[in-house]
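Chemist: In terms of UniProt numbering, the sequence shown opens at residue 1 and continues consecutively.
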Amino acid sequence: MTTTPELIHSYLSAGLECTHLEVEGDGQHFQALIVSPAFAGKRMVQRHQLVYAALGDRMREEIHALSMKTLTPEEYQG
């Protein structure tokens with residue numbers, strides 16, 4: 001099964017509370033803008049760990065490269 005931006009979007013929205021979520025990509029490399037209140041008070045590494053946890057084993061098996069921008073709702077509105 002080919003991984004699509006829509007599939008990654010569904011994985012993330014199911015595993016992480018997002019107030020805004022955009023995923024783009026070409027089937028190999030993906031970019032995501034993820035806005036979540038769960039990121040409040042967390043450093044970038046901790047935010048990325050939350051995203052990886054939401055994706056689970058898919059990060060190793062299906063998704064080869066994911067570049068992400070992780071923001072709180074306040075940072076996104078800023």
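Just so you know, even glycine gets a beta-carbon here, dropped at the ideal spot from N, CA and C.
Under three-state DSSP, which class holds residue 16?
Modeler: Coil, per DSSP.
Chemist: Is the stretch 52 to 59 in contact with the stretch 14 to 22, if contact means three or more CB pairs nearer than 8 Å?
Modeler: Contact holds: three or more Cβ-Cβ distances are below 8 Å.
Chemist: Assuming residue 11 and residue 47 form a contact by the criterion Cβ under 8 Å, report the distance between their Cβ atoms to the nearest whole angstrom.
Modeler: With a Cβ gap of about 16 Å, residue 11 and residue 47 do not count as contacting.
Chemist: Between 42, 62, 3, 29, which lies nearest to residue 68 when the distance is taken from Cα to Cα?
Modeler: Cα-wise, what sits closest to residue 68 is 29.
Chemist: If you drop the 5 nearest sequence neighbours on each side, which residues of the same chain put their C-beta closer than 6 Å to that of residue 36?
Modeler: Around residue 36: 16, 17, 18.
Chemist: Return the Cβ separation of residue 70 and residue 39 in integer angstroms, given the expectation that the two are a contact with Cβ distance under 8 Å.
Modeler: Confirmed, about 5 Å.
Chemist: Determine which residues share a DSSP beta bridge with residue 23 and list them.
Modeler: Its beta-bridge partners are 32.
Chemist: What do you get for residue 27, buried or exposed, if any count of 16 or more other CB atoms within 10 angstroms of its CB means buried?
Modeler: Label assigned to residue 27: exposed.
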